[in-house]
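Asker:
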Amino acid sequence: MGMNLTQKIIAAHLVEGQMVPGQEIAIKIDQTLTQDATGTMAYLQFEAMGVPRVKTELSVSYVDHNTLQTGFENADDHLFLQTIAAKHGIYFSRPGNGICHQVHLERFGKPGKTLLGSDSHTPTGGGIGMLAIGAGGLDVAVAMAGKPFYLTMPKVVKVELLGRLSPWVSAKDVILEVLRRLSVKGGVGRILEYTGPGVATLTVPERATITNMGAELGATTSIFPSDEITRAFLAAQGREEDWVPLSADPDAVYDEELTIDLSALEPLIACPHSPDKVVPVREIAGLPVDQVAIGSCTNSSYVDLMRVAAILRGKKIHPRTSLVISPGSRQVLTMLAQNGALADLLSAGVRLLECTCGPCIGMGQAPPSAGVSVRTFNRNFEGRSGTKDAQVYLASPEVAAAAALTGQLTDPRELGAYPEVTLPEKFLLDDSMIIPPAAAPETVEVRRGPNIKPLPKGQPLPAEYRGEVLLKVGDNITTDHIMPAGSKILPLRSNIPAISQYVFHQVDPEFPARALAKGGGVVVGGQNYGQGSSREHAALAPMYLGVRAVIAQSFARIHRANLINFGILPLTFARAEDYEAIEQGDIIRLPELVERIGAGAEEINLIVENKNLTIPLLVDLTPRQRAILLAGGLLNYV
Ligand code: F3S
Numbered sequence: 101m102g103m104n105l106t107q108k109i110i111a112a113h114l115v116e117g118q119m120v121p122g123q124e125i126a127i128k129i130d131q132t133l134t135q136d137a138t139g140t141m142a143y144l145q146f147e148a149m150g151v152p153r154v155k156t157e158l159s160v161s162y163v164d165h166n167t168l169q170t171g172f173e174n175a176d177d178h179l180f181l182q183t184i185a186a187k188h189g190i191y192f193s194r195p196g197n198g199i200c201h202q203v204h205l206e207r208f209g210k211p212g213k214t215l216l217g218s219d220s221h222t223p224t225g226g227g228i229g230m231l232a233i234g235a236g237g238l239d240v241a242v243a244m245a246g247k248p249f250y251l252t253m254p255k256v257v258k259v260e261l262l263g264r265l266s267p268w269v270s271a272k273d274v275i276l277e278v279l280r281r282l283s284v285k286g287g288v289g290r291i292l293e294y295t296g297p298g299v300a301t302l303t304v305p306e307r308a309t310i311t312n313m314g315a316e317l318g319a320t321t322s323i324f325p326s327d328e329i330t331r332a333f334l335a336a337q338g339r340e341e342d343w344v345p346l347s348a349d350p351d352a353v354y355d356e357e358l359t360i361d362l363s364a365l366e367p368l369i370a371c372p373h374s375p376d377k378v379v380p381v382r383e384i385a386g387l388p389v390d391q392v393a394i395g396s397c398t399n400s401s402y403v404d405l406m407r408v409a410a411i412l413r414g415k416k417i418h419p420r421t422s423l424v425i426s427p428g429s430r431q432v433l434t435m436l437a438q439n440g441a442l443a444d445l446l447s448a449g450v451r452l453l454e455c456t457c458g459p460c461i462g463m464g465q466a467p468p469s470a471g472v473s474v475r476t477f478n479r480n481f482e483g484r485s486g487t488k489d490a491q492v493y494l495a496s497p498e499v500a501a502a503a504a505l506t507g508q509l510t511d512p513r514e515l516g517a518y519p520e521v522t523l524p525e526k527f528l529l530d531d532s533m534i535i536p537p538a539a540a541p542e543t544v545e546v547r548r549g550p551n552i553k554p555l556p557k558g559q560p561l562p563a564e565y566r567g568e569v570l571l572k573v574g575d576n577i578t579t580d581h582i583m584p585a586g587s588k589i590l591p592l593r594s595n596i597p598a599i600s601q602y603v604f605h606q607v608d609p610e611f612p613a614r615a616l617a618k619g620g621g622v623v624v625g626g627q628n629y630g631q632g633s634s635r636e637h638a639a640l641a642p643m644y645l646g647v648r649a650v651i652a653q654s655f656a657r658i659h660r661a662n663l664i665n666f667g668i669l670p671l672t673f674a675r676a677e678d679y680e681a682i683e684q685g686d687i688i689r690l691p692e693l694v695e696r697i698g699a700g701a702e703e704i705n706l707i708v709e710n711k712n713l714t715i716p717l718l719v720d721l722t723p724r725q726r727a728i729l730l731a732g733g734l735l736n737y738v
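Just so you know, we're using my numbering here: the sequence shown kicks off at 101 and counts up by one.
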């Protein structure tokens, strides 16, 4: 029986387990990436392991998220990241060099390799034929120390692409169509593997737009084969030697299948506030648009911006609408500057931002109150833009440019002839903003400004736990509820005592003080607790405040893994209705905890002392996860 491409790469990296969907496997990691918002913690964790030099083939530290320097905090973080990278064998991509996923695709990605990144859009690397997975920073730190990465073997979905895209329809519309069909939960426990004759009609950056936003499906990752198109892209990046051909066997077997006829697609748009609320642009055309933002790791490649420049050339943007562009990388921006496209953009009225995540992570350019913002980004959760009541739409660069010209949502096909833009035969190669690791690491002093605080330590599980229910929350609590982001809070990412003061800030601002005063406790949640991003601070900061367990009706996958990594027990109600019986302030006990968890018990009892109640809880943990929890977290365990 033939193998699909996913199975081939996993088989070549398999360290433990069997490739049976649902079973735990461990794979060797070839490359890692971090960004600054998750990187400082990841490197503190790596440092705590006492490994002098990374054991991966390649590790890169990017600075692209918190680049505003309105105080010393972000500047401290950047200097720490630069010096610790030099000391431990890590490449450092300086602020302004570009967004991690775009730069990694350009300069480092290699077909057939595994990439683990502490950013949920790491699957962008699937566009070049890598098995690229997003994870918490601690998992990345462990991979840098040469240990394998543990994951549940996903199902592999064959996404067969037929035909070719019509003018004004682009890669973003392909992934919006997949989101429309499968929803934001449709990829959970799955890898989407793209095949079929339509693949050869898509460039590597187009493929990367599709794999990037596969993250919004909840997928483990997405991947394209490595073919002549991949070879041409690598050759244009001066890296043809990194190319290997890779594809599924002709008789490969898949767990599920999906077919998309590229020629049948039309311009699509995701409506507020979810990336799967997708409709054709023509259905909501005419909606006045206040702001257009083009950029992010989804759509800021050379071709994306060249096409926007071609659409805007000789025209002016509508007076009602503000248009901001954040190029994906310095390579892209410099090429636009050299070939004149930048002048076309500026002359049309574009406001140019740094080559960073920028507005995608709420760093400036919040829309006006109740404003409509059309963005080429990948997420439009309520409030993420920085304006609580903004209406954020997600679309292709073509749709975004059309809205900027007309001041309203416009089907771009109405603009007339489609400007042809092709990939260059040679990209501009200048890696001067990527600093290689130091040749003499012993001479490097790691710079730790006051924003770099020591790592809090996890405590081993107590033999028996007694504590208070600190908070009870409802369904679909996101990692944003648990640990909010934004330009005030993000700079505190390396300072857990300070950032922990914002835990559950919107839900109950008294929570941090109460947790510290009570010496910790437990949190009770409803369904899908911890949905959203891979943000490990949503587990690390509660750990610092003394949270020992979260008892919920169900958990989101990555957050549950992060809770375990930081020694917080994720427990589920055996009977959903027991959720009603517990209230904030209840005194609870978990008897024989170490004994039961260590012995592999699948159920433990929760005693609610003040109500004289016994509630059965489910313990769904692998032997490895049990050992991690007993040790007080992954770092202690490693
Ligand atoms: Fe940055 Fe937004 Fe991508 S925060 S890494 S551009 S999802």
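Each residue gets a CB set at the ideal place from its N, CA and C atoms; glycine is no exception.
Do P716 and I728 come within 9 Å of each other at the CB atom, strictly closer than that value?
Answerer: no
Asker: Going straight from the alpha carbon of N174 to that of L663, what length do you get?
Answerer: The C-alpha of N174 lies about 26 Å from the C-alpha of L663.
Asker: Go to K258, then tell me how far its alpha helix (DSSP H) extends in each direction, as first and last residue.
Answerer: Careful: K258 lies outside any alpha helix (DSSP H), inside the beta strand (DSSP E) at K255 to L262.
Asker: Would you say T398 touches the ligand F3S, meaning its beta carbon is less than 8 Å from a heavy atom?
Answerer: Within the chosen limit of 8 Å, the ligand F3S reaches the beta carbon of T398 through at least one heavy atom.
Asker: Contact defined as beta carbons within less than 8 Å: I believe L215 pairs with A232. What is the distance between those atoms, to the nearest angstrom?
Answerer: Between L215 and A232 a beta carbon distance of about 4 Å is seen, short of the 8 Å cut, so the two are scored as contacting.
Asker: At a cut-off of 8 Å, would you count R207 as near the ligand F3S, judging by its Cβ distance to the nearest heavy atom?
Answerer: no
Asker: I believe G102 touches D355 by the beta-carbon criterion, under 8 Å. Please report the beta-carbon distance rounded to the nearest angstrom.
Answerer: Not confirmed; about 14 Å, so no contact.
Asker: Can we count S220 as close to the ligand F3S, meaning its CB is less than 8 Å from some heavy atom?
Answerer: For the ligand F3S, a non-hydrogen atom lies closer than 8 Å to the CB of S220.
Asker: Label N710 either buried or exposed according to how many other C-beta atoms from any shown protein chain fall within 10 Å of its C-beta, with 16 as the threshold for buried.
Answerer: exposed
Asker: Cβ of I589 within 8 Å of any heavy atom in the ligand F3S?
Answerer: no
Asker: Within the same chain, show all residues whose beta-carbon is closer than 8 Å to that of Q118, passing over the 5 residues directly before and after it, in chain order.
Answerer: I125 and M253
Asker: Quick one: give me the first and last residue of the alpha helix (DSSP H) that T506 is part of.
Answerer: P497 to T506
Asker: For the alpha helix (DSSP H) that contains K572, what are its first and last residues?
Answerer: Run containing K572: none in the alpha helix (DSSP H); it sits in the beta strand (DSSP E), Y565 to K572.
Asker: Count the other CB atoms, across all protein chains shown, that sit within 10 Å of the CB of T714; report buried if there are 16 or more and exposed otherwise.
Answerer: Exposed, since its Cβ has fewer than 16 Cβ neighbours within 10 Å.
Asker: Three-state secondary structure (DSSP) at P380?
Answerer: strand
Asker: DSSP state of E356, grouped into three classes?
Answerer: strand
Asker: Between the alpha carbons of M583 and H418, how many angstroms are there, rounded?
Answerer: 38 Å
Asker: Only counting the same chain, and skipping five residues up and downstream in sequence, which positions put a Cβ closer than 7 Å to that of Q202?
Answerer: C397, S400, S401, G428 and S429
Asker: Going by the CB atoms, is the gap between T132 and Y162 shorter than 9 Å?
Answerer: no
Asker: Whole angstroms are fine: how far does the CA of V389 sit from the CA of A503?
Answerer: Those two C-alpha atoms are separated by around 7 Å.
Asker: May I ask whether a heavy atom of the ligand F3S can be found less than 8 Å away from the beta carbon of H178?
Answerer: no
Asker: For F655, list the residues DSSP reports as bridge partners.
Answerer: Partner(s): Y629.
Asker: Below 6 Å CB to CB, which residues in the same chain sit around V708 once its five sequence neighbours on both sides are set aside?
Answerer: D686 and I688
Asker: State the Cα-Cα distance for the pair E454 and A437, rounded to the nearest angstrom.
Answerer: 14 Å
Asker: The ligand F3S and C455: does the residue's C-beta get closer than 8 Å to at least one heavy atom of that ligand?
Answerer: no
Asker: Exposed or buried, what is L433 when buried is set at 16 or more other beta-carbons lying within 10 Å of its beta-carbon?
Answerer: buried
Asker: Between which two residues does the alpha helix (DSSP H) holding Q438 run?
Answerer: R430 to N439
Asker: Report the residue from L734, T303, I651 and V353 whose alpha carbon sits nearest the alpha carbon of G558.
Answerer: L734
Asker: I need the straight-line Cα distance from D361 to R264, nearest angstrom please.
Answerer: 8 Å
Asker: Within the chosen definition, does the region 104-112 reach the region 262-280 through at least 3 CB pairs nearer than 8 Å?
Answerer: no
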